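Input: a single structure, listed below in structure tokens.
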Ligand SMILES: [Zn+2]
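Numbering (my numbering), first residue to last: 4 to 252.
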């Protein structure tokens with residue numbers, strides 16, 4: 004999972020920092036089905052970062068988003084990094100599914116990468132960014148991609164949905180942090196009122212779990228520290244030797 008996150012970040016980073024634009028043919032071996040093929044890839048590119056479209060698309064002598072070839076056999080997007088065996092097995096099952104293969108018939112490589120990110124449970128922001136890049140593939144702004152206004156609207160709706168959730172959840176995240184500080188300070192009524200107000204927002208399932216868990220703690224008069232994993236109903240951090248100490252929203 005961490006490696007996959009890195010792959011997506013790598014794509015974004017390449018769009019932003021590389022200094023000159025060069026496209027060249029490259030040989031690929033698909034990690035999912037071992038098919039060997041050649042496709043164009045971007046070696047580097049120029050982006051004038053001070054000129055960015057209002058939808059966040061960088062402008063310059065470049066192909067945006069970066070070329071992301073699909074395997075001609077299984078349609079897996081060819082990421083420029085090695086994937087570990089466990090992840091490949093997990094991806095193979097999804098990529099070979101009927102659902103993925105049907106999607107691959109008429110969608111772009113970044114759309115398919117977003118679907119894979121959804122399947123792997125990547126962050127809302129990351130999935131949103133991949134749909135955003137899928138929009139850029141069909142917005143008619145590059146000779147390397149085909150203009151498709153219908154797909155543009157479809158991909159834009161998906162990106163907006165993820166960004167909206169992320170923004171609201173971020174607001175709700177800080178709200179629940181404040182409520183937790185109030186609860187642990189013994190200010191139960193203030194925490195209760197704050198949480199009831201937060202519950203009126205459109206929330207992700209996970210944020211709703213946290214709010215409901217906080218309300219249960221308040222009802223029980225509990226001012227002790229608790230973990231995000233308890234709200235999720237997962238095992239506690241100390242029973243998972245590999246888990247990191249800090250839980251993310
Ligand atoms: Zn393949």
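The C-beta atom is built at its ideal place from N, Cα and C for all residues, glycine as well. Everything numeric in this text was worked out from a predicted model, so none of it was measured.
Check this for me: beta carbons of residue 122 and residue 158, under 9 Å apart or not?
Position 119 of the chain shown, counting from 1, holds the residue named residue 122. Position 155 of the chain shown, counting from 1, holds the residue named residue 158. For residue 122 and residue 158, no; Cβs fall outside 9 Å.
Continuous alpha helix (DSSP H) assignments of at least 4 residues falling wholly in the stretch 178-239:
For the stretch 178-239, whole alpha helix (DSSP H) runs of length 4 or above, ordered along the chain, are 191-201, 208-222 and 231-235.
Using a threshold of 8 Å, is the CB atom of residue 35 nearer than that to any non-hydrogen atom of ligand 1?
Along the chain shown, one-based indexing puts residue 35 at 32. A heavy atom of ligand 1 is found nearer than 8 Å to the CB of residue 35.
Residue 37 and residue 29 look like a contact to me (Cβ under 8 Å); what is the Cβ gap, rounded to whole Å?
Numbered from 1 along the chain shown, position 34 holds the residue referred to as residue 37. Numbered from 1 along the chain shown, position 26 holds the residue referred to as residue 29. Rounded, the Cβ-Cβ distance is 17 Å, inconsistent with contact.
What do you reckon, are the CB atoms on residue 1 and residue 127 nearer than 9 Å?
Limits of the chain in this structure are 4 at one end and 252 at the other, which puts residue 1 out of reach.
Inside the stretch 96-121 only - alpha helix (DSSP H) runs reaching at least 4 residues:
Here the runs fully enclosed are 101-107.
Contact between the stretch 86-103 and the stretch 130-145: three or more CB pairs below 8 Å?
By the C-beta criterion, the stretch 86-103 is judged not to be in contact with the stretch 130-145, since fewer than 3 inter-stretch pairs fall below 8 Å.
Do you know offhand how far residue 192's Cα is from residue 164's?
Translated into positions along the chain shown, residue 192 becomes position 189. Translated into positions along the chain shown, residue 164 becomes position 161. One C-alpha to the other measures close to 33 Å.
Would residue 179 and residue 210 be called neighbours here (beta carbons separated by less than 9 Å)?
Within the chain shown, the letter at position 176 stands for residue 179. Within the chain shown, the letter at position 207 stands for residue 210. The answer is yes: Cβ separation under 9 Å.
When you compare only the Cα positions, how much space is there between residue 181 and residue 201?
Taking the first residue of the chain shown as 1, we reach residue 181 at position 178. Taking the first residue of the chain shown as 1, we reach residue 201 at position 198. The straight-line gap separating the alpha-carbon atoms of residue 181 and residue 201 is approximately 11 Å.
Closest by C-alpha distance to residue 254, when choosing among 72, 62 and 67:
Within the shown structure, residues of the chain are numbered from 4 to 252, placing residue 254 beyond reach of any answer.
Just the C-alpha distance for residue 57 and residue 171, rounded to the nearest angstrom, thanks.
Taking the first residue of the chain shown as 1, we reach residue 57 at position 54. Taking the first residue of the chain shown as 1, we reach residue 171 at position 168. Straight-line Cα distance between these residues: approximately 21 Å.
Give the DSSP-derived three-state secondary structure of residue 152 in the structure shown.
The sequence position of residue 152 within the chain shown is 149, counting from 1. Shown here, residue 152 sits in a helix according to DSSP, grouped into three states.
Using 9 Å as the threshold, is the C-beta distance between residue 270 and residue 79 below it?
With the chain represented from 4 up to 252, any question about residue 270 goes unanswered, as that position is not in the structure.
What's the C-alpha gap between residue 39 and residue 194?
What you label residue 39 is simply residue 36 of the chain shown in a count that begins at 1. What you label residue 194 is simply residue 191 of the chain shown in a count that begins at 1. Here the alpha carbon of residue 39 sits roughly 59 Å from the alpha carbon of residue 194.
May I ask which residues mark the beginning and end of the beta strand (DSSP E) holding residue 28?
Along the chain shown, read from residue 1 onward, the residue named residue 28 stands at position 25. Judged by DSSP secondary structure, residue 28 falls within the beta strand (DSSP E) whose first and last residues are 25-32.
From residue 220 to residue 226, what distance separates their C-alpha atoms?
Counted from its first residue, the chain shown places residue 220 at position 217. Counted from its first residue, the chain shown places residue 226 at position 223. Roughly 7 Å separates the two Cα atoms.
Residues near residue 187 in its chain [Cβ-Cβ closer than 7 Å; skip 5 each side]
Taking the first residue of the chain shown as position 1, residue 187 is located at position 184. Around residue 187, the same chain offers 226 and 228 as residues with beta carbons nearer than 7 Å, after the five sequence neighbours per side are excluded.
What does the alpha-carbon distance come out to for the pair residue 1 and residue 177?
Residue 1 lies beyond the residue range present for the chain, which begins at 4 and ends at 252; the question has no answer from this structure.
Name the one or two DSSP bridge partners that residue 44 has.
The residue labelled residue 44 in the question sits at position 41 within the chain shown. Partner(s): 27.
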